[in-house]
Structure formats: structure tokens, C-alpha cells
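Asks: In numbering that gives the first Met the number 0, the protein residues as written are 0 to 351.
No residue lacks a Cβ here, since even glycine has one placed at the ideal position from N, Cα and C.
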Amino acid sequence: MADLPTHTIVFEILTRLPAKDVGRSKSVCKQWYALLSTQDFVKIHCSRSVVSSNQRVLLIDDLTCSVRPIISNYNDYGPSSTVTFPFHHQNNDVSILSHLNGLLCVCLNHTYELLLWNPTTTAFKRLSTPDSHGFYINNLDAIGLYVDADDDYKVLHIKRRSGVLGVYVYSREVDSWRNIPFITRQEYLSPHFNWSAGTFCGGTLYFTVCECWIGGTNVVICFDVNSEQFKEISFPPVPSNGMVQGVLVNVKNVLHMFASTGMFEMTIDLWTLQGDYWIKVLSCPPIPPISLSLWCDITHYVTNGNWFVMTKLGKLFTIEMDMKPFECFYPVSWFRGFKGAVFVQTIVSPSI
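1) If you draw a straight line from the C-alpha of Pro238 to the C-alpha of Lys153, how long is it?
2) Can you give me the C-alpha to C-alpha distance between Leu115 and Thr216, rounded to a whole angstrom?
3) In whole angstroms, give me the CA-to-CA distance for Gln89 and Leu113.
4) Return the CA-CA distance between Pro235 and His255, expressed in angstroms with no decimal places.
5) With DSSP run on the structure shown, which of helix, strand or coil describes Asn249?
6) How about Val280 and Leu269: do their beta carbons lie closer than 8 Å?
7) If Tyr145 sits next to Leu96, beta carbons under 8 Å apart, how far is it from one beta carbon to the other, in whole angstroms?
8) Suppose you measure from the CA of Glu210 to the CA of Val243; what does that come to, to the nearest Å?
9) In angstroms, rounded to a whole number, what distance separates the CA positions of Leu107 and His87?
10) I need the DSSP call for Leu103, collapsed to helix, strand or coil.
11) Helix, strand or coil: how does DSSP classify Gly339 here?
12) Is the segment 155-165 touching the segment 130-140, taking contact as three or more C-beta pairs under 8 Å?
13) What does DSSP give as the partner residue(s) for His98 in the beta ladder?
14) Please report the Cβ distance between Val343 and Ser48, rounded to the nearest whole angstrom; I am assuming they are in contact, meaning their Cβ atoms lie under 8 Å.
15) Since I believe Thr119 is in contact with Lys19 (beta carbons under 8 Å), could you give me their beta-carbon distance rounded to a whole number of angstroms?
16) Compute the Euclidean distance between the alpha carbons of Asp2 and Ile8, then round it to the nearest angstrom.
17) Taking only the alpha-carbon atoms, compute the straight-line gap between Pro349 and Glu264 and give it to the nearest angstrom.
18) Identify which residue in Glu231, Thr271, Gly261 has its Cα closest to the Cα of Asn249.
19) Using a 10 Å radius around the Cβ and a threshold of 16 neighbouring Cβ atoms, would you call Val347 buried or exposed?
20) Looking at the unbroken alpha helix (DSSP H) that takes in Ala18, where does it start and where does it end?
21) Would you mind stating whether Phe199 and Gly143 have Cβ atoms separated by less than 8 Å?
22) What does the Cβ neighbour count give for Phe192, buried or exposed, with the cut at 16 atoms within 10 Å?
23) Would you kindly report the start and end of the unbroken beta strand (DSSP E) that includes Arg160?
24) Would the beta-carbon of Ser195 fall within 8 Å of that of Thr207?
25) If Leu204 sits next to Phe222, beta carbons under 8 Å apart, how far is it from one beta carbon to the other, in whole angstroms?
26) According to the neighbour-count rule (16 or more other Cβ atoms, all chains shown, within 10 Å of its Cβ), is Pro273 buried or exposed?
27) Restricting to Cα atoms, I'd like to know which of Glu172, Arg177, Asn178, Glu186 is closest to Ser380.
28) State the DSSP-derived secondary structure class of Val41, mapped to helix, strand or coil.
29) For the beta strand (DSSP E) containing Gln273, name the first residue and the last one.
30) Out of Ser51, Phe84, Asn53, point me to the one whose CA is closest to Ser65's CA.
31) Please report the Cβ distance between Ile213 and Thr183, rounded to the nearest whole angstrom; I am assuming they are in contact, meaning their Cβ atoms lie under 8 Å.
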């Protein structure tokens, strides 16, 4: 250690600080401010921040927005701290669409504007432009947040407007949108198909595309973030005699899917993607009959080796797993009646 340069030792120590402490450390001196602002520092600090102990739950209801730590031993949240939105909003009308490395891609529902927001540093960036880019319509559009091989954070926006499709990519590096071709079956652009938010895993964004009736077509659309090419792979081989819901989960950079099937009684299977094929990991006991409105809001997350299946009114049941803890949460869109997401605290900036 005595042979290491002082700046190397300082760098190694600072990259292990919590994100909020890094922010405070910028005021120590000009040299530290410059060091902590470099992209190399931010990248290494981010890589060391993506651990379960650094995860937080962001919850939004009609009156408050709060952040809470996760107490995995008790399957619960710790004390909350109130978050003030740094941008104008109306009655907390903020929807969380995607997240990655501490950045949230959100929509302001009263203006349809897209924003990138880091709730830890409070920095945000509006993605809307005068030429109508960066505006999101719920139930028609799909969003995916990713980072490419050049470490450029990007947003993929799939827009469906009166039968016309547009696929656009926003680059944080150049701060602009551009159109890219969409090469797959055009019928998936119909409003009869529901697109999920994108799940980033292993250099690819994955979307579930499900036809909105019993026995309809269900596929997974893959977007290679470096070649910017689309391809289609099949859904897991689940029964199609009821409603089908696929929830994609990135667990340690391996794609998983919770496939829920049924009508009055639900069956949930966990699958993992190997190549272009799905391998079943486990089957859960059938869930007792619940109303269709609750069925449509079911989502899943994992902590301390256990999977939880939840509705917006509360937890249904726990799936205990005999395996090493995943140290990973799925960023659900509902938590016990709140809009929310699980994110890691980082200093990644929404703008350059």
C-alpha cells in the first residue's frame, strides 16, 4: 500500500463511498470536485454501488413521494424520507417507466413529457423537444432505458399513433433523438397488442408483446442495443386457454420470466432464457381465485432468496428458494397501492 500513489488510494476510497457522501465530498477542494466529476469515476463508483444493501424503494402516492431502505431479513421497508420532485408536477402525477443504475425514466402525466431523473442527486433532464419527440402515451408507447458499449445512456421509445409506428433513440451523449427502423411483424404495432416496458439484460432490451385477448399471440421482442437490430423469440410454452402475463426480470444479468396463466385460478411458472429458448426453473402452487382487476395488477420482486407475488393491495404469497440470495429486485410498477420502483443510489447524471 505504501508504494501506491496517493491519488490512487484516494480514488479507490472515494469510489466506495455512498452516493450522497460523494456529493458532499465534491466541496472539499477543486481537485476532488474535478476527480469526482469524471466519467471514469462515475462508472467505477456505479459498478460498486449496484449491491442489495444500496437499494431503495421509491413510492409515489397522491400526497407524497418517499424513499425507503429495504430490510430484507424482515421482508419490509425501513423508515421513509420524503422526496421533493425537482421538476414541476401536478398532484404527484409522475409515472415511472424504466430505471437503470440509479436513473429513472419518468413521465409527467399532465404533459406527457419524458424525463431522466436521479432521485439521489435530484438532477433531472427533460427529453421532450419542440418537434414532438420525448412525449409518452400510456397503453400505446413502450420505453426502455439502457447503456451501450460506449457507456452512453440511451432511451428507446416505441410510439404507436393511429396505426403509424415510430421507433426513436435518445442519446445522453449527444442530447438528441433519432429514428431507427423497426424490422419485425407490423401487426405488433396494433393497439390490440400490449407492450411491456423494456428490461435491459446482457446488452439487449427485452419487451413482452401480448395480444389483448384469451388465446392470443404472445412473443418477446429483443433489441440489440449495439447493432440496433430487432428480433423476435417465442414465449415460454405456457397454456393459452386463459389470460397470459409475462413479467421479465434481470437476475445477475440473466433474463428470467414469471409467466402467469389462468382465469379464475392462476398458475405462475419461473423461466430462464438460455440462448433463444426458455428453461423452466420452478412452478408455484396455484393462487386461489381472485378478481380479474387484481389479477391484471399482479407483479413480482425478489429479496434474500425469496420471490414475492404481490397485488397493489398487498402480498399474496412468498416463494421460498433454496439458492444463494440474488441481491436483486425487479423494478415493479406498483407497491401496495403506491406507484414506485426499486433503484440503487448512484451519482450517474441524466445529462453530460
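Replies: Well, looking at it:
1) 36 Å
2) 33 Å
3) 15 Å
4) 11 Å
5) strand
6) yes
7) At roughly 13 Å, the Cβ-Cβ gap does not stay under 8 Å, so Tyr145 and Leu96 are not in contact.
8) 9 Å
9) 9 Å
10) strand
11) strand
12) yes
13) Leu103
14) 5 Å
15) 7 Å
16) Confidence in Asp2 is poor, its pLDDT being 46 and thus under 50, which makes the residue's placement unreliable; the coordinate value appears in the next sentence. Cα-Cα distance, rounded: 10 Å.
17) 43 Å
18) Thr271
19) buried
20) 18-24
21) yes
22) buried
23) 152-160
24) yes
25) 4 Å
26) Correcting the residue identity first, residue 273 is Gln in this sequence and not Pro. Classification for Gln273: exposed.
27) The structure shown does not extend to residue 380, since the chain spans only 0 to 351, so no value can be given for it.
28) helix
29) 265-273
30) Phe84
31) That belief does not hold up - the Cβ atoms of Ile213 and Thr183 are roughly 24 Å apart, past 8 Å.
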